[in-house]
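Report on the following structure.
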Amino acid sequence: MPHVVTVFLRHGGRVLLARRSEAVGTYQGRWAGVSGYVEGDPADAERDARRELAEEVGVREADADLVRAGAPLPVSDGGREWTVHPFLFDAGSRDVDTNEELAAVEWVHPTAIRKRETVPGLWAAYRRVAPAVETVAGDETHGSAWVSLRALEVLRDAAAEADSRDAVASVARRLRDARPTMAAVENRVNRVMAESDSEPESVRRRAEAAIDDAAEADDAAAACAAELVGERGYDRLATLSRSGTVLAALEATEAADAAVLVAESRPGGEGVGVAERLARDGRDVTLTTDAALPGLVMAGEAAAVLLGADAVLASGGVVNKVGSLPVALAAARAGVPVFAVCARDKVRGDDRFVGENAGELYDGEAAIGTENPIFEVVPADPLSGVVTESGVLDADGVEAVAAEHAALAAWDD
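Here you go:
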């Protein structure tokens, strides 16, 4: 039985579908992922997946990150049988360079697969690599902007398959409650449900629109932050943890000449990946410890501090990775501005804060309690503002957005 790879290339919640040309031997004119035969050991099919990405759409290894390899899927059609190895990659952009095997390509929501003439088993293959509620609940690597997009994808896909309002609402509740520290997850799920009639088809359409809106909002917030850095001439920046929105701001043109000081961000070490990414782009970047960052900011090593935000409280405080509070307090004492950078959807409708613990610090035999929180609250006082897609919000602006988001939760009353 032959083995093939099917690659779903994702960017901003959409995936790349390709229509097979007359140059291929099977299923001409049908839509598929990026696909091809496994030429070596099926256990090492990722190599074939990356080869097909490079050959068919010009996406090299540095241009796409592997998200998930799904369990192999047996497929049969008209007496033909083969095994599909599905893969999901996140692409850095939607730029592709197709070869003669593809007649056309489109970036679409995966739910479009269900309405097109595709190669056999394409939707089943996608579902084996698609995000799930567990993806949202268990992710310990990405920031809340990324996680909230995955939550919307789960809701979209569930609505496409659901046969009742109750089934959709059940998934929405599980997603809403999956990450209590991440306001964007709750707000974005609530908005979809509040602005639809809760019928599966209505939820699917609204979730698709929300995914596109969310991706644009995150990019716009990053652009606003980059513009602010450029206009104010901040030539030395400090940050910690891994905020996708802050990282995008640092990579943007307006901030290209600024040196960046990055804290490693324990216990997960997300800051290390941020420093590596900036260094690969040719940026002047220095990695330091969480404990050292406040002192370095006070010593004049940063002209401004950019923080991500897992949530912005209605009172103006910001929930972010542990280590944010001492940096913000040190910066305020030294007269260094501190900005949180995030989309408006991270503003909570209240001041609720639910902490998360990273695990045990001590495994000895003594009766010692431990506290190892992942998140903490930076109060509004040391913050210079919250940079969003609609500009810099002060305390009154945050309060107004919070009232809007509080109203969205009424869908589940």
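Here this note's numbering is used: position 149 in the sequence shown is 141, and no number is missing along the way. Positions of the beta carbon are idealized from the N, C-alpha and C atoms, including for glycine.
1. Of the choices GLU352, LEU288, PRO66 and HIS397, whose alpha-carbon is the least far from that of ARG336?
2. Going straight from the alpha carbon of ASP204 to that of GLY356, what length do you get?
3. Who are THR231's beta bridge partners in DSSP?
4. Between the segment 325 to 340 and the segment 260 to 268, do three or more beta carbon pairs fall short of 8 Å?
5. Alpha carbon to alpha carbon, how far is ALA212 from ARG224? Give it in angstroms, no decimals.
6. In chain order, what residues of the same chain have a beta carbon less than 6 Å from the beta carbon of ASP210, not counting five sequence neighbours either side?
7. Would the beta-carbon of ALA61 be found less than 7 Å away from any heavy atom of the ligand ZN?
8. Measure from the alpha carbon of ALA296 to the alpha carbon of each residue in ASN312, ALA320, THR(-2) and ALA161, then state which is nearest.
9. By alpha-carbon positions, which one of SER235, ARG165, THR362 and THR278 ends up nearest to VAL252?
10. Measuring alpha carbon to alpha carbon, tell me which of THR75, GLY25 and ALA323 ends up nearest ASP33.
11. How many whole angstroms separate the CB atoms of GLY62 and GLU44, which I take to be in contact at a CB cut-off of 8 Å?
12. Quickly, what does DSSP pair ASP68 with across the bridge? List them, please.
13. What do you reckon, are the CB atoms on VAL(-3) and ALA41 nearer than 8 Å?
14. Between the alpha carbons of ASN364 and ALA164, how many angstroms are there, rounded?
15. Can you tell me whether DSSP reads ARG196 as helix, strand or coil?
16. Could you tell me the distance, in whole angstroms, from the CA atom of SER162 to the CA atom of ALA151?
17. Rounded to a whole number of angstroms, what is the C-alpha to C-alpha distance between GLU145 and GLU187?
18. Applying the 10 Å Cβ sphere with the 16-neighbour rule, what's the burial state of ASN179?
19. Would you check if the distance between the CB atom of VAL221 and the CB atom of VAL310 is smaller than 8 Å?
20. Can you list, in chain order, the residues of its chain with a C-beta nearer than 6 Å to that of ALA117? Leave out the 5 residues immediately preceding and following it.
21. Report the three-state DSSP secondary structure of ASN182 (helix, strand or coil).
22. Which residues share a DSSP beta bridge with SER27?
23. Given a threshold of 16 other Cβ atoms within 10 Å of its Cβ, counted over all protein chains shown, does LYS338 qualify as buried or as exposed?
24. How big is the Cα-Cα spacing for LEU285 and GLY135?
25. Taking Cβ positions, are LEU1 and PHE81 nearer each other than 8 Å?
26. Can you name the start and end residues of the alpha helix (DSSP H) that ARG166 belongs to?
27. Could you compute how far the alpha carbon of VAL177 sits from the alpha carbon of ARG72?
28. Out of THR18, SER376, ALA244 and ALA255, which one is the CA nearest neighbour of ARG325?
29. Run through the DSSP bridge pairs and tell me what PHE367 is partnered with.
30. With a threshold of 16 other CB atoms inside 10 Å of the CB of VAL346, please say whether the residue is buried or exposed.
31. Counting only the same chain and skipping the five closest in sequence on each side, list residues whose C-beta sits under 7 Å from that of PRO(-6).
32. Determine the extent of the beta strand (DSSP E) in which ASP57 is found, giving its start and end residues.
33. Near ASP373, what residues of its chain come up, given a Cβ to Cβ distance below 8 Å and the 5 sequence neighbours on each side ignored?
34. According to DSSP, is HIS101 helix, strand or coil?
35. Alpha carbon to alpha carbon, what distance is there between ARG148 and GLY341?
36. Over the uninterrupted beta strand (DSSP E) stretch that includes LEU285, give me the two end residues.
Straight from the coordinates:
1. Answer by Cα proximity: HIS397.
2. The alpha-carbon atoms of ASP204 and GLY356 are separated by roughly 49 Å.
3. Under DSSP, THR231 takes part in a beta bridge, and its partners are VAL254.
4. For the pair of segments examined, the segment 325 to 340 was found not to touch the segment 260 to 268: the number of CB pairs separated by less than 8 Å stays below three.
5. Approximately 18 Å between the Cα atoms of the pair.
6. Only ALA137, THR237 and ALA335 meet the Cβ criterion.
7. Looking at this structure, you won't find the ligand ZN or any other ligand, since it has none at all.
8. Considering only alpha carbons, the answer is ALA320.
9. Measuring C-alpha to C-alpha distances from VAL252 to each of SER235, ARG165, THR362 and THR278 identifies THR278 as the nearest.
10. Nearest C-alpha to ASP33: THR75.
11. That belief does not hold up - the Cβ atoms of GLY62 and GLU44 are roughly 16 Å apart, past 8 Å.
12. The question names Asp, but residue 68 is Ser in the sequence shown. Under DSSP, the beta-bridge partners assigned to SER68 are GLU73.
13. Taking 8 Å as the Cβ cut-off, VAL(-3) and ALA41 qualify as a contacting pair.
14. Looking at the backbone, the Cα of ASN364 and that of ALA164 are separated by about 30 Å.
15. In the structure shown, ARG196 sits in a helix (DSSP, three-state: H, G or I).
16. Each residue's alpha carbon lies about 11 Å from the other.
17. Their Cα atoms are separated by approximately 17 Å.
18. Around the C-beta of ASN179, 16 or more other C-beta atoms lie within 10 Å, and the residue is accordingly described as buried.
19. No, the Cβ-Cβ distance between VAL221 and VAL310 is not below 8 Å.
20. The beta carbon of ALA117 is closer than 6 Å to those of THR(-2), LEU65, VAL76 and PRO78 in its chain, skipping five residues each way along the sequence.
21. Note: ASN182 maps to helix in three-state DSSP.
22. The beta-bridge partner set that DSSP reports for SER27 consists of THR(-2).
23. It counts as buried.
24. Rounded to whole angstroms, the gap between the alpha carbons of LEU285 and GLY135 is 20 Å.
25. The answer is yes: Cβ separation under 8 Å.
26. 157 to 168 is the extent of the alpha helix (DSSP H) around ARG166.
27. Taking the Cα positions, VAL177 is about 43 Å away from ARG72.
28. The option with the nearest alpha carbon to ARG325 is SER376.
29. In DSSP, PHE367 forms a bridge with LYS313.
30. So VAL346 counts as exposed.
31. Short of 7 Å from the beta carbon of PRO(-6), and not among the five residues preceding or following it, lie these beta carbons of its own chain, in chain order: TYR29 and TRP74.
32. Segment 56 to 61, the beta strand (DSSP E) holding ASP57.
33. Excluding positions up to five away in sequence, the list reads ALA324.
34. Coil at HIS101, not helix or strand.
35. Straight across, the Cα-Cα distance linking GLY341 with ARG148 is about 24 Å.
36. Judged by DSSP secondary structure, LEU285 falls outside any beta strand (DSSP E) and instead within the alpha helix (DSSP H) spanning 285 to 290.
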